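Peer 1: Chain order of the listed sequences is L and W.
Just so we're aligned, residue 1 is where the first sequence starts under the numbering used here, counting upward by one.
Just so we're aligned, residue 114 is where the second sequence starts under the numbering used here, counting upward by one.
Positions of the beta carbon are idealized from the N, C-alpha and C atoms, including for glycine.
Since the structure is predicted, the reported quantities are computational estimates derived from the model, not experimental observations.
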Amino acid sequence: DVKVTQSSRYLVKRTGEKVFLECVQDMDHENMFWYRQDPGLGLRLIYFSYDVKMKEKGDIPEGYSVSREKKERFSLILESASTNQTSMYLCAYAGQGRYNEQFFGPGTRLTVL
Amino acid sequence: QKEVEQDPGPLSVPEGAIVSLNCTYSNSAFQYFMWYRQYSRKGPELLMYTYSSGNKEDGRFTAQVDKSSKYISLFIRDSQPSDSATYLCAMSDYGGSQGNLIFGKGTKLSVKP
């Protein structure tokens, strides 16, 4: 089974800090995604990447950036964390099948104080 | 009108009941449909996927797509307490590696022993 790991399950940061969330997949999948999930709002796409050094904005990219230097690693960066970025962050990769199904990591629960 | 509508619940049923979870959508180009299950504080896991219209069965789970009505359903037979989770529908307008998924907001299900 392909695994997706995220660097932390729980993270507490202060307003204004720079925050790095890392996601690693253990296969050669090209497409990777970052979502945030909030009660009542569901999953919202922040950024996605179709290959190394490629990135595309999702629905809510403001306040975030991403880095994809190696195929297996996709990092989400909060340049200056704010309290409204307190959320569950989920990384996913897309399988090779025709359904474009996505497989998720365990998530990082980020709290910004 | 939102692209994908899903009743948030919560839905509470007794053990052994048949559960029906539903999503409606507005984009007639959607043809790949998925259901995810998400346990509390975990990432979503892919449960079932279907292409175009019709039914697909996997054990106690049946996924149904009615493209003419733009309506998809997930049925759970003989529901168990371990089925208690949030269920998200997801869909895409084309397969392959370049399509993104559009998610419903999820329905929270509780199966009481």
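Under 8 Å between the Cβ atoms of residue 39 (chain L) and residue 155 (chain W)?
Peer 2: No, they are not a contact pair.
Peer 1: Taking Cβ positions only, does residue 42 (chain L) come closer than 8 Å to chain W?
Peer 2: Yes - at least one Cβ of chain W is within 8 Å of the one on residue 42 (chain L).
Peer 1: Output yes or no for whether 8 Å exceeds the beta carbon distance between residue 75 (chain L) and residue 21 (chain L).
Peer 2: Yes; because the gap between Cβ atoms is below 8 Å, this pair is in contact.
Peer 1: In chain order, what residues of the same chain lie with their CB nearer than 6 Å to the CB of residue 131 (chain W), ignoring the 5 residues before and after it?
Peer 2: So the list reads 190, once near-sequence residues are dropped.
Peer 1: Do residue 166 (chain W) and residue 179 (chain W) have their C-beta atoms within less than 8 Å of each other?
Peer 2: Going by C-beta atoms, residue 166 (chain W) is nearer than 8 Å to residue 179 (chain W).
Peer 1: So which residues on chain W does residue 22 (chain L) lean against when the C-beta distance must stay under 7 Å?
Peer 2: Near residue 22 (chain L) there are no residues of chain W at all, since even the closest Cβ is about 15 Å away, more than 7 Å.
Peer 1: Taking only beta-carbon atoms, is residue 125 (chain W) less than 8 Å away from chain L?
Peer 2: No, residue 125 (chain W) lies away from the interface with chain L (no Cβ there is under 8 Å from its Cβ).
Peer 1: What separation, rounded to the nearest whole angstrom, lies between the Cα atoms of residue 7 (chain L) and residue 23 (chain L)?
Peer 2: Their Cα atoms are separated by approximately 6 Å.
Peer 1: Please list the residues of the segment 86-103 of chain L that have a C-beta atom closer than 9 Å to any C-beta atom in chain W, keeping them in chain order.
Peer 2: Those would be 88, 90, 91, 92, 94, 95, 96, 97, 98, 99, 100, 101, 102 and 103, in chain order.
Peer 1: Looking at the C-beta of residue 63 (chain L), does it have a partner C-beta in chain W at a distance below 8 Å?
Peer 2: False, the Cβ-Cβ gap to chain W never drops below 8 Å.
Peer 1: Check the Cβ-Cβ distances between residue 122 (chain W) and every residue of chain L, and say whether any is below 8 Å.
Peer 2: So no, residue 122 (chain W) is outside the interface.
Peer 1: Look at the alpha carbon of residue 193 (chain W) and the alpha carbon of residue 126 (chain W), and state the distance between them as a whole number of angstroms.
Peer 2: If I take the Cα positions, the gap works out to 10 Å.
Peer 1: If you check the beta carbons only, do residue 220 (chain W) and residue 157 (chain W) fall under 8 Å apart?
Peer 2: Contact: no.
Peer 1: Specify, as a first and last residue, the run of the beta strand (DSSP E) that residue 25 (chain L) falls within.
Peer 2: Looking at the DSSP string, the run of the beta strand (DSSP E) that includes residue 25 (chain L) is 19-25.
Peer 1: Quick one: what's got a C-beta closer than 7 Å to residue 198 (chain W)'s C-beta in the same chain, skipping five residues either side?
Peer 2: 150, 151, 152 and 222.
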